[in-house]
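Numbering (mature numbering (1 follows the signal peptide of the UniProt record, and there is no 0)), first residue to last: -18 to -1, 1 to 490.
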């Protein structure tokens, strides 16, 4: 009888300690998933007070009881503390290589396909919207709080990931869209030096006008005007988070109202960026780590319903300035010259939805990704350049009357982070296996084809400007020559002549 009681007691103790990990903050219990354990909702820093919403976070909180794993989401209107958490997804094994996924916005990411390949996946949430990226000297808001969150998360990984059987000396940071621009920004910041060993940059660039605000001070002033405050003492620091987000959404900007900026110097606030991303890249001030970088071949398709709604075909036919990205619009004479170049390249005949999507892909995504590629490939570390072109049954749905013809912006996420970790079939399954294997190989070896085992011995060669080759990823893999040289040369000439000097003058 005594033996039975002892057996029950010890069994209970064992169950109570099951999946429990101890870190400096306290103990946390994970949740068993399909072949791995998730430790969700771990806070990696804290902020305090109204002003603290815009500042670098402080020490991570501690707790005394076992903290239960929890799932939470972060939106621009979420309480700030919900945006300062991370999830650690751990497969069986020791000294596991680590992928840190930087979210570009709200949403759920199921890492099942990735952790099945024996890598540990950390999903990082951070501040978004005005609390994450508002910059204002007048309001004493330094800027880039969301990026500083990611730095604190990477420091947390460095200090704690061993407790989860992760290897702090093999950390690859990855992101898509605005998350990709954030990852590239980490490579330009001394704050992040030594915290990661490779980077994956999907469909985004810090050079894109929707990612970097060269006119950050002007944007802050426009936001302040939305509050209709007559008090001289009113500052944006005093505004409520919901009001900030609502007024930010009402600002008349064609892309995200607030993005990455060159910070205003503030007392007791470490600067994330010391100069504009363009100047840092052009001067080679880059943390040299291996990179995967690329795009989807039909990035702008995700906006096709919006483009139809605003009758963009009619506007582009009638209004010359509608052909020019807003950051390039200077004098009327310049607009006319630029519009002529754009029409010759993209609209030599009638303006069609297909030609509009191609134009938007190049103007807002590919030209900036390609410029970034040229900068990074001049460093000492390899850059693996890709195009994802698979059009399957998952991802962005096809719009009526608009042929999809390839992969849209964010389509690859449906293969890397499929809903409920679903393995796909047929050509979709082949594309998924290719993408997952390449990405997880890179996390493990900093080389996507370390033994050339994919595609019957295919080796993904690092990019070189001398042969301009890249990997085409679909249900099949093929090394090809970059197909848009003529278009990229036009954008290179345009930005060199009309934009870079203006941007330098406006950076605060």
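Built from N, CA and C at the ideal position, the CB exists for glycine as well.
Residues near residue i by beta carbon distance below 6 Å, same chain, minus five either side
i, result
"residue 324", "305"
"residue 370", "278, 389, 394, 455"
"residue 384", "286, 335"
"residue 348", "277"
"residue 445", "359, 365, 367"
"residue 412", "457"
"residue 274", "182, 366, 424"
Residues near residue i in its chain [Cβ-Cβ closer than 8 Å; skip 5 each side]
i, result
"residue 450", "463, 464, 467"
"residue 92", "399, 400, 401, 402, 403"
"residue 356", "447"
"residue 491", "Here the chain has residues from -18 to 490 only, and residue 491 is not among them."
Span of the beta strand (DSSP E) around residue i
i, result
"residue 150", "148 to 158"
"residue 11", "8 to 11"
"residue 367", "365 to 370"
"residue 199", "Run containing residue 199: none in the beta strand (DSSP E); it sits in the alpha helix (DSSP H), 198 to 207."
"residue 414", "Element bounds for residue 414: not the beta strand (DSSP E) but the alpha helix (DSSP H), 408 to 427."
"residue 21", "19 to 25"
"residue 102", "102 to 106"
"residue 461", "459 to 463"
Start-to-end residues for the alpha helix (DSSP H) that takes in residue i
i, result
"residue 71", "It is not in any alpha helix (DSSP H) - residue 71 instead sits in the beta strand (DSSP E) that spans 67 to 72."
"residue 223", "223 to 231"
"residue 128", "127 to 142"
"residue 354", "349 to 359"
"residue 186", "From DSSP, residue 186 is part of no alpha helix (DSSP H); its letter is neither H nor E."
"residue 396", "395 to 398"
"residue 32", "31 to 34"
"residue 112", "111 to 115"
Three-state secondary structure assigned by DSSP to residue i
i, result
"residue 492", "This structure cannot settle anything about residue 492, because the visible part of the chain is limited to -18 through 490."
"residue 448", "coil"
"residue 278", "strand"
"residue 380", "coil"
"residue 268", "coil"
"residue 81", "strand"
"residue 470", "helix"
"residue 245", "coil"
"residue 14", "strand"
"residue 97", "helix"
"residue 218", "helix"
"residue 256", "coil"
"residue 2", "strand"
"residue 41", "coil"
"residue 170", "coil"
"residue 285", "helix"
"residue 120", "coil"
"residue 403", "helix"
"residue 443", "coil"
"residue 161", "helix"
"residue 193", "coil"
"residue 389", "coil"
"residue 177", "coil"
"residue 263", "helix"
"residue 453", "strand"
"residue -6", "Confidence in residue -6 is poor, its pLDDT being 40 and thus under 50, which makes the residue's placement too unreliable to answer from."
"residue 479", "helix"
Own chain, CB closer than 7 Å to residue i, minus 5 neighbours either side, in chain order
i, result
"residue 204", "233"
"residue 220", "32"
"residue 280", "339, 343, 386, 387, 388, 389, 390"
"residue 109", "62, 65, 127, 128, 131"
"residue 441", "431, 434"
"residue 152", "79, 80, 179"
Within-8 Å CB hit, residue i to chain D
i, result
"residue 452", "Among the chains of the structure shown, chain D does not appear; only one protein chain is present."
Task: Three or more C-beta pairs below 8 Å linking the segment 4 to 23 and the segment 59 to 78 - done: yes
- [ ] Mind the definition here: the segment 389 to 405 touches the segment 361 to 381 only if three or more C-beta pairs lie below 8 Å; say whether that holds.
- [x] yes
- [ ] With a floor of 4 residues, list each alpha helix (DSSP H) that falls wholly inside the segment 307 to 332, ordered by position along the chain.
- [x] 314 to 328
- [ ] State whether the segment 316 to 335 contacts the segment 450 to 460, with contact taken as three or more CB pairs (one from each stretch) at a distance under 8 Å.
- [x] no
- [ ] Mind the definition here: the segment 242 to 249 touches the segment 106 to 120 only if three or more C-beta pairs lie below 8 Å; say whether that holds.
- [x] A contact exists between the segment 242 to 249 and the segment 106 to 120.
Open item on the list: Whether or not the segment 264 to 284 and the segment 138 to 149 are in contact is what I'm after, with contact meaning three or more pairs of Cβ atoms, one per stretch, closer than 8 Å; do they touch?
Closed with: A contact between stretches requires three or more CB pairs, one per stretch, nearer than 8 Å, and the segment 138 to 149 fails this requirement with the segment 264 to 284.
Task: Stretch-stretch touch, CB-based, cutoff 8 Å, three pairs: the segment 421 to 429 with the segment 90 to 104 - done: yes
TODO: Kindly confirm or deny that the segment 43 to 58 and the segment 121 to 139 touch, where touching means at least three C-beta pairs closer than 8 Å.
DONE: no
Task: Any 3 or more C-beta pairs closer than 8 Å across the segment 181 to 198 and the segment 160 to 170 - done: yes
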